[in-house]
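**Q** In the working numbering, the protein residues as written are 377 to 477. We put the CB at the ideal spot given by N, CA and C, even for glycine. Sending over a structure as structure tokens; questions will come in a sec.
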């Protein structure tokens with residue numbers, strides 16, 4: 377049995393037949409993923425809808441319109457506090473004044 381095992385040649389190891397080295401495949405995939413990521417980022421950044429923020433005046437008028445229907449339902453003192461808060465917030469935002477209470 378030993379004689380037969382010595383007569384057989386060893387099995388050759390696998391041969392690397394790739395034309396491109398593995399490090400080049402890694403670098404190329406990294407570059408491709410970076411380009412895809414940048415394309416998605418730029419696409420989301422430039423093609424999204426611009427959100428229009430209302431001016432302080434528009435926000436104050438909208439808040440006053442909302443509480444206008446409550447003028448008959450809440451006590452006058454509470455209503456005046458709400459109006460005062462809305463106007464205080466308007467002046468703070470419009471003229472960049474510090475908040476005082």
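For the alpha helix (DSSP H) holding residue 405, just list the boundary residues, first then last.
**A** Looking up residue 405 in the chain shown gives position 29. First-last of the alpha helix (DSSP H) with residue 405: 398-422.
**Q** So, are the CB atoms of residue 467 and residue 443 less than 9 Å apart?
**A** Here the question's residue 467 lines up with position 91 in the chain shown. Here the question's residue 443 lines up with position 67 in the chain shown. Their beta carbons are not under 9 Å apart, which means residue 467 does not touch residue 443 by this criterion.
**Q** Checking 9 Å against the spacing of the C-beta atoms, do residue 465 and residue 438 come in under that value?
**A** Looking up residue 465 in the chain shown gives position 89. Looking up residue 438 in the chain shown gives position 62. For residue 465 and residue 438, no; Cβs fall outside 9 Å.
**Q** Taking the alpha helix (DSSP H) that residue 393 belongs to, which residues open and close that run?
**A** Within the chain shown, numbered from 1, the residue matching residue 393 stands at position 17. Counting along the chain, residue 393 falls outside any alpha helix (DSSP H), and DSSP gives it neither H nor E.
**Q** Compare the Cα-Cα distances from residue 440 to each of 422, 463, 402, 451 and report the closest residue.
**A** Taking the chain shown and counting its residues from 1, the one referred to as residue 440 is at position 64. Taking only the C-alpha atoms, the option nearest residue 440 is 463.
**Q** First and last residue of the alpha helix (DSSP H) that includes residue 448?
**A** Counting from 1 along the chain shown, the entry for residue 448 is found at position 72. Taken as a continuous stretch (DSSP letters only), residue 448 belongs to no alpha helix (DSSP H), as it is neither H nor E.
**Q** Residue 470 and residue 430 - do their beta-carbons sit closer together than 9 Å?
**A** To locate residue 430, count along the chain shown from 1; it is residue 54. To locate residue 470, count along the chain shown from 1; it is residue 94. No, the Cβ-Cβ distance between residue 430 and residue 470 is not below 9 Å.
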